[in-house]
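Residue numbers (my numbering): 168 to 1025.
In structure tokens, the structure reads:
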């Protein structure tokens, strides 16, 4: 039996059945593209089955659509790194985590090898079944949307509620959310013979059968039926997808129904409203009010709902304080307040009040009893959870104070830095002690330009012309010299008069964050230093097409004079407008222009003409990571190879997250291998700057996190979930949640319930299992990467102990496999698209001036 993966913060639970079937196809070599469409399962549907496969042509900004590829037998396929990497052996397991003996086997034994060979043919069919990218329309929380309400009897309300109870989409709804949903459902009566849903049509409603009988058919074949209490069409609530079955009313039917827009807006608005209410309460708590918005949001996410019946004692006087409470519903009595002669009058608290807050800071003994006067619902947070997710409260308060001080220095206040830049500058503001008599700079001698903020002490600044200035607590100096070159002669002598404590921020550290020191004091845009506007479209020569997608093509091009090869992404303006993706394409371009990292594809330049947008991108010639993982003869790669690729991917994700960019489409097809064998993250079509929460459903089904599926709002945590799924796929050769023939509803249900297992026999080492289980955690607040240390928890995990990050970033570690690249124009790892290279230009009319104006910011 497989080892059970966690499905909650407790990371415990009964092991689900092992699912060691295959689910991956042979390799292909192309630019990133849409995963193939799911094939509906032919199993008889349950009453809650949704016949909604992944929609065709719904990949959004994922341009590089893959055409079906014939199987090719190679004696040594380019993407087949069979020998184990030198780092294949796992580091010793820390004493606190005893090893269970199930170490990695990079070179398979006969048993596992034979078992996996049996699945090769299955994998060959699944390439077309990897879910395409899916997305739903953007939710605008500024829109004044009111959830409709249709009156119902108490009996009808209870009936609908009972009908929803076993459906995974509604299982996580609060009682308030479920009631809002029920109130929004409207009755529809259809006569016998009515086609309620037609196979292939885009889904619009979810239905609950109140009366009558409905049958389901796929391609004309009867596959199931349901009667009173049955439901169908739930995927239509999540995103626009074509129905996979026809649903026919066999009798006159009364149906309760609700549409996607109502469902998603109801959830998003309710969640946003609840977050705002909690935020407002947290802002009133004295020592929490000093924290920034990001930390308050993380506190809000970490709160757990706990109910107390009338009369129950919530807090006992004298107990050690460990939990902070916010009262959501009901009333409590605070009594027996104080000790000795310092007794206070009893108090009564209601919704929006809080108590026990000092537990987060001191853990002092409780000074009063608190009892529920009525049934109460509270939101709770323990000190242990707080420090696990955010770190010690006093440290956060101190950091918030430092940040406010730094933001008050004029040269920083006028610079309009991004929030992540100010946060990083604050972290680099180091506290230093200087004894009396220390000379920080001497007039006329070389000095290092630094910013000093005096916490306590006294400093004299003098010059040969007699000017003297004395600075004390809360004063700062050095700001006017930060743009001076290091080693320049100092214009002043700076002497420490009394023992002094200072916060010091060096020019070197400032430059490491903002890049160009000239951004100090000036509202300059943060742009990549490598964006080369000197290259023009006319300077390029087209050779062949590397990929074709919804919005256009990707060409292999070279510069006429230098001969340097590039990939040119050519996008149709008309198609972009037709798919309502103007903002998305411009966002993708802006994000790519703002980042520069060895493991993220580099945007070289951009152009546009009357019909097209162009993005000139560095050429990555080694093909996809998918083709490394899945070959003609096997699926999955050795432990050390997986660790190497995972380390590269982690660095690219960390670079994006550091800039508050959520990637949202991590999968092997979106990772290319460069000429040295290192991973490069490509296709930032779904990437978005997220400073709080976003509610758009987008991504690839197998890699979606529960919070995306359930429209609960998400942030960078979804990337860490997908990272765990990717590590699992590299090691096992299949997704943890998908097996051949799995329909979309079953896939999403497994994800939401976190039902997966590891294959038996030690295929996945204990350290790798431990990391995966810490990443694939349902509650985002408890997921690795989302805790107090952020990505450092992942980077410092013992599975990565043998990785030297500095050498990795310098590409000084030998890669497990280096692609064979014959010359700078070699495109052998990409499919041939000769049949579309000579297509005539579009004869559609030119865009109107107001349509062209949509792309003025590209």
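Glycine is no exception: its CB is placed at the ideal position from the N, C-alpha and C atoms.
Bounds of the alpha helix (DSSP H) holding residue 437 are 427-451. Here the alpha carbons of residue 910 and residue 420 stand approximately 27 Å from one another. The segment 866-875 and the segment 826-842 touch, with no fewer than 3 CB-CB distances between them shorter than 8 Å. Within the same chain, and ignoring the five residues on either side of residue 395 in sequence, the residues whose Cβ sits closer than 7 Å to its Cβ are 376, 377, 378. Taking residue 424 as the centre and dropping the five residues before and after it, the same chain places the C-beta of 352, 353, 355, 372, 373, 374 closer than 7 Å to its C-beta, in chain order. With 16 or more other CB atoms across the displayed protein chains lying within 10 angstroms of its CB, residue 913 is buried. In the three-state reduction of the DSSP assignment, residue 824 falls in the helix class, which pools H, G and I. In the three-state reduction of the DSSP assignment, residue 989 falls in the coil class. Put simply, the segment 887-896 touches the segment 950-957. At least three CB pairs are less than 8 Å apart. When the alpha-carbon of residue 821 is set against those of 793, 765, 778, the nearest one is in 765. By the criterion of at least three beta-carbon pairs nearer than 8 Å, the segment 339-349 is in contact with the segment 433-443. Burial state of residue 612 is exposed, judged by a 10 Å Cβ sphere holding fewer than 16 other Cβ atoms. Counting every other CB atom within 10 Å of its CB across the protein chains shown gives residue 511 a total below 16, marking it as exposed. Around residue 517, the same chain offers 498 as residues with beta carbons nearer than 6 Å, after the five sequence neighbours per side are excluded.
In this structure, residue 706 lies away from residue 720, with their beta-carbon atoms at least 8 Å apart. Looking at the DSSP output, residue 783 sits in a beta bridge with 735, 772. For residue 959, the number of other beta carbons within 10 angstroms of its own is below 16, and it is reported as exposed. The shortest C-alpha to C-alpha distance from residue 544 to any of 569, 473, 534, 515 is the one to 473. The Cβ-Cβ distance between residue 459 and residue 567 falls below 8 Å. Cβ-Cβ distances below 7 Å link residue 704 to 774, 781 in the same chain, with the five nearest sequence neighbours on each side left out; the list follows chain order. Assigned with DSSP and collapsed to three states, residue 947 falls in helix. The Cβ atoms of residue 687 and residue 650 lie closer than 8 Å to each other.
Leaving aside the five residues that flank residue 676 on each side, the residues in its chain whose CB is nearer than 6 Å to its CB run, in chain order, 595. Cβ-Cβ separation between residue 849 and residue 841: approximately 11 Å, too far for a contact (criterion under 8 Å). Note that the C-beta distance between residue 406 and residue 864 is below 8 Å.
Pairing residue 718 with residue 738 gives a Cβ-Cβ distance under 8 Å. For the pair residue 778 and residue 1008, the Cα-to-Cα distance works out to about 10 Å.
Here DSSP, grouped into helix, strand and coil, assigns residue 683 to coil.
Note that the C-beta distance between residue 539 and residue 488 is not below 8 Å. Judged by DSSP secondary structure, residue 757 falls within the alpha helix (DSSP H) whose first and last residues are 749-761. Between the segment 796-814 and the segment 962-976 there are three or more C-beta pairs closer than 8 Å, enough to call the two in contact. Excluding the 5 residues flanking it on each side, residue 1011 has same chain C-beta neighbours closer than 8 Å at 741, in chain order. Burial state of residue 947 is buried, judged by a 10 Å Cβ sphere holding 16 or more other Cβ atoms.
DSSP places residue 542 outside any alpha helix (DSSP H), giving it a letter other than H or E. In this structure, residue 547 and residue 490 form a Cβ contact; the two beta carbons are roughly 5 Å apart against a cut-off of 8 Å.
Residue environment: residue 855 is assigned as buried (16 or more neighbouring CB atoms within 10 Å of its CB, all protein chains considered).
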